[in-house]
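For the record, in the sequence shown the residue sitting at position 98 is 98 according to our numbering, with numbers rising by one throughout.
These notes are about the structure you will find just below.
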Amino acid sequence: MLRRLAPLLVLVLMAACGRSAPDDGKIHIRYLAAPDVGGFAKVIIERFELAHPDIKVDMIEGPAAGDARENMYSTAFMGKEDSYDIAYVDVAWVPKFAAQGWLKPLDELISAKELEAFLSGDLEGSRYQGKLYRVPVQSDGGMLYYRKDLLAAKGIPVPLTWAELVAAAKKTQT
1 MLRRLAPLLV LVLMAACGRS APDDGKIHIR YLAAPDVGGF AKVIIERFEL AHPDIKVDMI
61 EGPAAGDARE NMYSTAFMGK EDSYDIAYVD VAWVPKFAAQ GWLKPLDELI SAKELEAFLS
121 GDLEGSRYQG KLYRVPVQSD GGMLYYRKDL LAAKGIPVPL TWAELVAAAK KTQT
């Protein structure tokens, strides 16, 4: 999967408005990211820099807490700061950021064939008004915990749909 993601990230990185650094003569791209816990981003960046020796990607790790990172991004974008060329955008932020004009559509940079490497749900969450604003390089799933004892006490089967969950929640509250 890493091998398939590298070309997509190259396209995104190439779309950035990098600047030349006077000290080393390279184009520097500033990438604001979530903390790179697994080292995934560093591997991709190293591969990109090997393939493009005239470009240096400077990864800036934002706070671990999603809301703190969202606030950091929003503040920078509202102030029209040019601190970052690329940002790791959570799927939940796409509508807000795209509606404000803070993101550029990526549709022309990524082919339909390349997008086949991603889960369709992740891609849909990366779109706003039909345009792709995010490459879903990471996917996660939320967890829902429930108390078996509360459901059993009311004779409620484990809910499998949102409607069943709402109904079960109402029954356990009475």
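Here a beta-carbon is modelled for each residue, glycine too, at the ideal position from N, C-alpha and C.
- The alpha carbon of residue 70 has as its nearest neighbour, out of 59, 88 and 171, the alpha carbon of 88.
- Distance from the CA atom of residue 41 to the CA atom of residue 161, rounded to whole angstroms, is 35 Å.
- Boundaries around residue 59 are those of the beta strand (DSSP E), 55–61, since no alpha helix (DSSP H) includes it.
- With contacts defined as CB atoms closer than 8 Å, residue 93 and residue 77 fail to qualify as a contacting pair.
- Of all alpha-carbon atoms in 141, 142 and 170, the one lying nearest the alpha-carbon of residue 151 is that of 170.
- Taking C-beta atoms under 8 Å as the contact rule, residue 131 and residue 149 fail to qualify, at a distance of about 47 Å.
- Collapsing the DSSP output to three states places residue 165 in a helix.
- Checking the DSSP bridge columns, you'll see residue 131 partnered with 128.
- In the DSSP assignment, residue 29 falls within the beta strand (DSSP E) that extends over 27–33.
- Collapsing the DSSP output to three states places residue 156 in coil.
- When the alpha-carbon of residue 91 is set against those of 83, 123 and 109, the nearest one is in 123.
- A residue is called buried once 16 or more other Cβ atoms fall within 10 Å of its Cβ, and residue 83, having fewer, is exposed.
- For residue 128 against residue 95, the beta-carbon gap comes to about 5 Å, under 8 Å, which counts as contact.
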